[in-house]
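Chains as they are written, first to last, in this note's numbering: chain A, 4 to 117; chain B, 16 to 129.
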């Protein structure tokens, strides 16, 4: 069955440090891949996505992710964390059977401390 | 444009009561979705509707029913609420073209069942 694994339910970094949030998926066909961010008591907002083309994708707020087919990974990075990056981050993929829905990972809560 | 709207924002029910969560979109998207979000479990798909007049079960449909009233509206009904249905519910739409593929989320409904 299709699955999405986010390693680490909680990640804590210092302000200015590298942010790395990990996402691995299982799929028999190249999927579409997404990272969403959720701030407290809000809905989900798209950070970035990969559908076709360049495997390194840039998103909002300085985040980027690289689709590595050989590693079935789509890790999210940001060179320098800001306090405002504290939120929950969700990785999502389209299932093997088609592109009509998304499967979400369990989420990673990012804390940024001074 | 309001995007995706949900009502109510908050609701408290007693076990066995029924209620309908409303979702409306002004994005002219064909596909609409209902998810529930629980701590540590990410978003799980309850039902979705690929187009007006069609609905399909997702990962966790038991205890729920849906109605796709027209292209704009997609409602979720709990016929006899149970404490296990305490959750945050999100409605979403899908822009499905490859270049513009994205799910858009409403602000959520926080439901507590006592």
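Idealized CB from N, CA, C, for every residue including glycine. Note that the structure is predicted; figures quoted are calculated from it, not measured.
In the structure shown, residue 32 of chain B adopts coil according to DSSP, grouped into three states. When C-beta distances to chain B are compared with 9 Å, the residues of the segment 31 to 61 of chain A below that value are 35, 37, 39, 41, 44, 45, 46, 47, 48, 49, 52, 54 and 55, in chain order. Within 8 Å of the CB of residue 93 of chain A, the CB atoms of chain B belong to 57 and 58, in sequence order along the chain. Close CB contacts of residue 52 of chain B within its chain, under the 7 Å cut and outside five residues either way in sequence, are with 58, 102, 103 and 105 (chain order). At the C-beta level, residue 63 of chain B and residue 47 of chain B come within 8 Å of one another.
In terms of beta-carbon proximity, residue 116 of chain B lines the interface with chain A, with at least one pair separated by less than 8 Å. Only 46, 48 and 50 from the segment 29 to 51 of chain B bring a Cβ to less than 9 Å from some Cβ of chain A.
For the segment 76 to 129 of chain B, the continuous beta strand (DSSP E) assignments of 3+ residues that do not extend past its boundaries occur at 79 to 83, 89 to 93, 102 to 110, 117 to 120 and 124 to 128, in sequence order.
Annotated as proximal: residue 96 of chain A and residue 35 of chain A, with beta-carbon spacing under 8 Å.
Among the residues facing chain B, residue 28 of chain A is not included, as its CB has no counterpart in that chain under 8 Å away. The alpha-carbon of residue 88 of chain B is positioned some 43 Å away from that of residue 18 of chain A.
For residue 104 of chain A, the three-state secondary structure derived from DSSP is coil.
Close to residue 105 of chain B, with beta-carbon spacing below 8 Å, are these residues of chain A in chain order: 46 and 47.
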